[in-house]
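Numbering (this note's numbering), first residue to last: 6 to 111.
Reading through the structure tokens given below for one structure.
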Amino acid sequence: MSRVRTAMSIAISPAHPYRDGRLIASGTVTQLTAKGWVRLPHARVVLVYRPRGSSQWYWVLKGHADATGRYTFTTRAYADGTWAVYLDPDSRHLYSESRKVYVTLR
6 MSRVRTAMSI AISPAHPYRD GRLIASGTVT QLTAKGWVRL PHARVVLVYR PRGSSQWYWV
66 LKGHADATGR YTFTTRAYAD GTWAVYLDPD SRHLYSESRK VYVTLR
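What follows is the structure, encoded as structure tokens:
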């Protein structure tokens, strides 16, 4: 049995948070089925951060999408840098990651 393709979206708000202010990352996890792309409920999602000028990604939070495939993480804005999420796949799904979002603090 082959593993199912997946995809992830991400949105960051606010676009320019204050240092140590609240930062919210949210989006959806989808899977490719015979009916097309549909949301993947209860998927394991990991939020990661890469500070400006660094090549190292840092794990920030782990969680699950809800029953409709949506996730929301609330964390603090550390410094200017890049944020992304990735799927921590189970044995039936392939790994995927979101686009990378660069956030500049005020």
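From the three backbone atoms N, C-alpha and C, an ideal C-beta is built for every residue, glycine too.
Predicted model only: the values in this text are computed from it and were never measured.
Alpha carbon to alpha carbon, what distance is there between residue 9 and residue 22? Within the sequence shown, the letter at position 17 stands for residue 22. Within the sequence shown, the letter at position 4 stands for residue 9. In this structure, the alpha-carbon of residue 22 lies about 36 angstroms from that of residue 9.
Taking the C-alpha atoms as reference points, what is the distance between residue 99 and residue 11? For the purposes of this step, residue 99 is taken as the residue at position 94 of the sequence shown. For the purposes of this step, residue 11 is taken as the residue at position 6 of the sequence shown. The straight-line gap from Cα to Cα measures roughly 6 angstroms.
Would you report the Cα separation of residue 61 and residue 28, rounded to the nearest angstrom? Taking the first residue of the sequence shown as 1, we reach residue 61 at position 56. Taking the first residue of the sequence shown as 1, we reach residue 28 at position 23. Each residue's Cα considered, the two are about 20 angstroms apart.
Whose CA, out of 43, 24, 101, 70, lies closest to the CA of residue 86? Along the sequence shown, read from residue 1 onward, the residue named residue 86 stands at position 81. Closest option to residue 86, judged by alpha-carbon separation, among 43, 24, 101, 70: 24.
CB-CB under 6 angstroms to residue 56, same chain, minus the five flanking residues each way: which ones, in chain order? Here the question's residue 56 lines up with position 51 in the sequence shown. The residues are 84, 86.
Residue 110 by DSSP, collapsed to three states: which one? Taking the sequence shown and counting its residues from 1, one reaches residue 110 at position 105. Residue 110: coil per DSSP, three-state reduction.
Excluding five sequence neighbours on each side, which residues of the same chain lie with their C-beta closer than 8 angstroms to the C-beta of residue 90? The residue labelled residue 90 in the question sits at position 85 within the sequence shown. For residue 90, where only same-chain residues beyond five positions count, the Cβ hits under 8 angstroms are 13, 15, 30, 32, 50, 51, 52, 53, 76, 78, 102, 103.
In chain order, what residues of the same chain lie with their CB nearer than 6 angstroms to the CB of residue 107, ignoring the 5 residues before and after it? Taking the sequence shown and counting its residues from 1, one reaches residue 107 at position 102. Hits under 6 angstroms: 87.
If distances are taken between C-alpha atoms only, which option among 74, 92, 42 comes closest to residue 64? Residue numbering aside, residue 64 sits at position 59 when the sequence shown is read from its first letter. It is 92.
If you run the structure through DSSP and keep just helix, strand and coil, what is residue 67? Start at 1 with the first residue of the sequence shown, and residue 67 comes out as number 62. Here residue 67 sits in strand by DSSP.
Output needed for residue 109: all residues of its chain with C-beta closer than 7 angstroms, excluding positions within five of it in sequence on either side, in chain order. Taking the sequence shown and counting its residues from 1, one reaches residue 109 at position 104. Closer than 7 angstroms at Cβ, skipping near neighbours: 21, 85.
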